Amino acid sequence: MKYVLVTGGVVSGLGKGVTASSIGVVLKDCGLRVTSIKIDPYLNTDAGTMSPFEHGEVFVLDDGGEVDLDLGNYERFLDIKLTRDNNITTGKIYQAVIDKERRGDYLGKTVQVVPHITDEIQEWIERVAMNPVDGTDEPADVCVIELGGTIGDIESMPFIEALGQFSYRVGAGNFCLVHVSLVPVLNVVGEQKTKPTQHSVRGLRGLGLIPDILACRSTQPLEENVKVKLAQFCHVPISNIVNLHDVTNIWHIPLLLRDQKAHESILKVLDLQCVGKVPRAPKLTEWTERASKFDKLKTPVRIAMVGKYTGLSDSYLSVLKSTAVQLLLDMLPSLLVLAIHWIYPFLLDFGALPSSALLHASVALDRKLVVDWVPSCDLEDSAATETPDAYEKAWDLLKGAHGVLVPGGFGDRGVQGKILAAKYARENNVPYLGICLGMQIAVIEFARSVMKLRGANSTEFDPATTTPCVIFMPEGSKTHMGATMRLGSRRTFFQANTCKSAKLYGNASYVDERHRHRYEVNPEMVPEFEKAGLSFVGRDESGTRMEIIELPTHRFFVGAQFHPEFKSRPGKPSPLFMGLIAASSGQLDHLLQQSCGVVSSPVRRGNYCNGATKQQKLYQNGHVKNGLVNGCYYANGNSILHT
Numbered sequence: 001m002k003y004v005l006v007t008g009g010v011v012s013g014l015g016k017g018v019t020a021s022s023i024g025v026v027l028k029d030c031g032l033r034v035t036s037i038k039i040d041p042y043l044n045t046d047a048g049t050m051s052p053f054e055h056g057e058v059f060v061l062d063d064g065g066e067v068d069l070d071l072g073n074y075e076r077f078l079d080i081k082l083t084r085d086n087n088i089t090t091g092k093i094y095q096a097v098i099d100k101e102r103r104g105d106y107l108g109k110t111v112q113v114v115p116h117i118t119d120e121i122q123e124w125i126e127r128v129a130m131n132p133v134d135g136t137d138e139p140a141d142v143c144v145i146e147l148g149g150t151i152g153d154i155e156s157m158p159f160i161e162a163l164g165q166f167s168y169r170v171g172a173g174n175f176c177l178v179h180v181s182l183v184p185v186l187n188v189v190g191e192q193k194t195k196p197t198q199h200s201v202r203g204l205r206g207l208g209l210i211p212d213i214l215a216c217r218s219t220q221p222l223e224e225n226v227k228v229k230l231a232q233f234c235h236v237p238i239s240n241i242v243n244l245h246d247v248t249n250i251w252h253i254p255l256l257l258r259d260q261k262a263h264e265s266i267l268k269v270l271d272l273q274c275v276g277k278v279p280r281a282p283k284l285t286e287w288t289e290r291a292s293k294f295d296k297l298k299t300p301v302r303i304a305m306v307g308k309y310t311g312l313s314d315s316y317l318s319v320l321k322s323t324a325v326q327l328l329l330d331m332l333p334s335l336l337v338l339a340i341h342w343i344y345p346f347l348l349d350f351g352a353l354p355s356s357a358l359l360h361a362s363v364a365l366d367r368k369l370v371v372d373w374v375p376s377c378d379l380e381d382s383a384a385t386e387t388p389d390a391y392e393k394a395w396d397l398l399k400g401a402h403g404v405l406v407p408g409g410f411g412d413r414g415v416q417g418k419i420l421a422a423k424y425a426r427e428n429n430v431p432y433l434g435i436c437l438g439m440q441i442a443v444i445e446f447a448r449s450v451m452k453l454r455g456a457n458s459t460e461f462d463p464a465t466t467t468p469c470v471i472f473m474p475e476g477s478k479t480h481m482g483a484t485m486r487l488g489s490r491r492t493f494f495q496a497n498t499c500k501s502a503k504l505y506g507n508a509s510y511v512d513e514r515h516r517h518r519y520e521v522n523p524e525m526v527p528e529f530e531k532a533g534l535s536f537v538g539r540d541e542s543g544t545r546m547e548i549i550e551l552p553t554h555r556f557f558v559g560a561q562f563h564p565e566f567k568s569r570p571g572k573p574s575p576l577f578m579g580l581i582a583a584s585s586g587q588l589d590h591l592l593q594q595s596c597g598v599v600s601s602p603v604r605r606g607n608y609c610n611g612a613t614k615q616q617k618l619y620q621n622g623h624v625k626n627g628l629v630n631g632c633y634y635a636n637g638n639s640i641l642h643t
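This is the structure we're talking about:
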């Protein structure tokens, strides 16, 4: 097994996840099997209970693991399926060590950070790296490891020590360290500055890790004299200094690595350049076509994303401005550009993943995606008097959209605005897709407006409601937040293959999609809803849990209890998102006529139709049936921007 470690310096949020994913893409195109591991130094067991404003959006895996969003990048870029064990946290490591101590595994020894914590980290990496992730039984050839945070962070020290030991443990020729750093341009000077990267590399070396390759982030391509200076002071050959400057879309990043022959440098460090497993140079044909196609798109499709957003760009700026180092203030323009091009799409509360899925679908359908963020609170009647300008702007955005998307979420703030958005889409024949809470919102709105059940509500928002359209799931827990949701891959059976959803999935009889929810449609009210005209076209294996809703008379009004965005890929867009974009751009009839809903060649029939071309493992409430490789750690249950 070969290992590529990706670390970051100077500031956080430089795009280590995208860089690690892109390295994996290039190596995979060289003919290697690639897997990925993300290390998050926080004490949480997983990302499930963390606020999206603090840590970005939670990504859910097939086994129910709630993990860092970077694992979503790995799955999308590499087209692989990871497990919760691929996300290592300090909480998981310490829990494993404490469990061993309680069992007496250490035979009375004093348990310490070194060697017990560091050994556990190394053993975890070695075990997980051997797990097949590409649908075969073959282990990977290369494991790309991303160390979260920034070099010098106190909480990452045990991991840095462990990785330093690990590099010697696996031996020369089996370990390559790629350090991602920033080369800013100060306004008053107007030149690219290497000092931040020099200090970052010096700190890295002082901690026992020596970088083999420098991946330098910048707004513009690095000047040659800057590369010479970096090579001289960081002791890295010029050929091993890769420039990752700003690009029009992140699909260009693997192409940047290829064009600068980063794969040759990595393969040389890993002693793979002459091995028979690397039969070809990376061509990245699909990535080149996709990136080029994206840049040439002209015809827009405008989607209103309705959620409880609170000016996240300002929140990001406040983090920068709160830093005491004046250098960061001088670097602010450069950092803003980095945020727009690389970081911002991945920091949005309950919006980043739907945006990615929208982007995949829009590119497949030759449309330039424009996402209008609509704060649901601004749609409510109270906003008309309290914040009239925001109210008018929100409704103008909603009415100007070609389609409406209400993504998942939690809590009652802004719910009435989401209900009004669903009502507008239903009454005006505007394409609508509701995900998780968005589906529940559509059910509540239908009950209130069509069935005249004025008190209809979810027990999440009104526990005392007399008409509970949406109820708490019986198996859930109201006292513990962790590992109590309905999580992971679950099977949904279509009730008829004539509905739009089944056609989008290629007339499949069932589909496997990922879930993350505590509430569900009240099964006792389903007959009343269906009598009134709302169709529940997808249900679970018992037939009592509602998974997909449709309005047959509407152009496209679909709600899904699962999260289809979690399995969307750049070359294999989610069928439901394809349906929304197609309906919003006048292409739905053509799409439904396709044998498998395919309108672009990169989408392959076997993967696009039903998402379940072979038997998959099913999970209950995030708990793996047959246990985990590294013990029983159960996760908790939880584009393009228009400005």
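For the sequence shown, the UniProt record's numbering gives the first residue as 1, with consecutive numbering after it. C-beta: ideal position from N, C-alpha, C; glycine also. All figures in this text were calculated on a predicted structure; none of them were measured in a lab.
Rounded separation between residue 354 and residue 360 - CA only: 10 Å
Residues near residue 280 by beta carbon distance below 7 Å, same chain, minus five either side: 30 and 31
For residue 87, which of 409, 558, 78 and 35 has the nearest alpha-carbon? 35
Considering only residues of the stretch 359 to 423, which uninterrupted alpha helix (DSSP H) runs meet the minimum length of 4 residues and lie entirely inside it, listed in chain order? 381 to 386 and 388 to 399
DSSP on residue 446, reduced to helix/strand/coil? helix
Do residue 568 and residue 552 count as a contact pair if the criterion is CB distance below 8 Å? no
In this structure, how does DSSP classify residue 295 when only helix, strand and coil are distinguished? helix
Which same chain residues end up closer than 6 Å to residue 442 when comparing Cβ atoms and leaving out the 5 residues on each side of it in sequence? 422, 434 and 559
Assign residue 606 to one of three DSSP states: helix, strand, or coil. With a pLDDT of only 36 at residue 606, under 50, the local geometry of the prediction cannot be trusted, and no value is derived from it.
Would you tell me roughly how many angstroms separate the C-alpha atoms of residue 367 and residue 127, rounded to the nearest one? 43 Å
Please classify residue 89 as buried or exposed, where buried requires at least 16 other C-beta atoms within 10 Å of its C-beta. buried
In chain order, what residues of the same chain have a beta carbon less than 8 Å from the beta carbon of residue 576, not counting five sequence neighbours either side? 433, 501, 504, 558, 560 and 564
Mind reading off the beta-carbon distance from residue 469 to residue 525? Whole number of angstroms is fine, and I expect it under 8 Å. 6 Å
Restricting to Cα atoms, I'd like to know which of 413, 302 and 293 is closest to residue 582. 302
Reducing DSSP to helix, strand and coil, say where residue 487 ends up. strand
Which class does residue 192 belong to by DSSP, given the choice of helix, strand or coil? strand
For the beta strand (DSSP E) holding residue 644, just list the boundary residues, first then last. Any property of residue 644 remains undetermined from this structure, which presents the chain solely from 1 to 643.
How should residue 660 be labelled, buried or exposed, when 16 other C-beta atoms within 10 angstroms of its C-beta is the threshold for buried? Since the first residue of the chain shown is 1 and the last is 643, residue 660 is not available in this structure.
Would you tell me roughly how many angstroms separate the C-alpha atoms of residue 657 and residue 43, rounded to the nearest one? With the chain covering 1 to 643 only, the question about residue 657 has no answer from this structure.
Own chain, CB closer than 6 Å to residue 447, minus 5 neighbours either side, in chain order: 453, 456 and 469
Near residue 21, what residues of its chain come up, given a Cβ to Cβ distance below 6 Å and the 5 sequence neighbours on each side ignored? 73, 74 and 77
For a test of your reading of the model: does the CB of residue 255 fall under 7 Å from any non-hydrogen atom of the ligand NAD? Yes or no. Because no ligand of any kind appears in the structure shown, any question about the ligand NAD cannot be addressed here.
Take residue 416 and list the residues in its own chain whose beta-carbon comes closer than 7 Å to its own, dropping the five residues that flank it on each side. 380
Using three-state DSSP, classify residue 545 as helix, strand or coil. coil
Going by DSSP in three states, residue 266 sits in which element: helix, strand or coil? helix
I'd like to know if the stretch 513 to 530 and the stretch 103 to 120 are in contact, where contact means that at least 3 CB-CB pairs between them fall below 8 Å. no
For residue 468, list the residues DSSP reports as bridge partners. 457
Measure the C-alpha to C-alpha separation of residue 213 and residue 240 and round it to an integer number of angstroms. 5 Å
Between the alpha carbons of residue 41 and residue 119, how many angstroms are there, rounded? 16 Å
Just confirm the distance between the C-beta atoms of residue 230 and residue 288, as a whole number of angstroms; I'd bet it's less than 8 Å. So it is not a contact: roughly 28 Å between Cβ atoms.
Outcome for residue 506 when other beta-carbon atoms lying within 10 angstroms are tallied against a minimum of 16: buried
Residue 644 versus residue 401: straight-line alpha-carbon distance, rounded: Since the first and last residues shown for the chain are 1 and 643, residue 644 lies out of range.
In three-state terms, what does DSSP make of residue 436? coil
How many angstroms separate the CA atom of residue 260 from the CA atom of residue 242? 7 Å
In terms of residues, what are the limits of the alpha helix (DSSP H) holding residue 17? 16 to 29
Delimiting residues of the alpha helix (DSSP H) encompassing residue 73: 69 to 78
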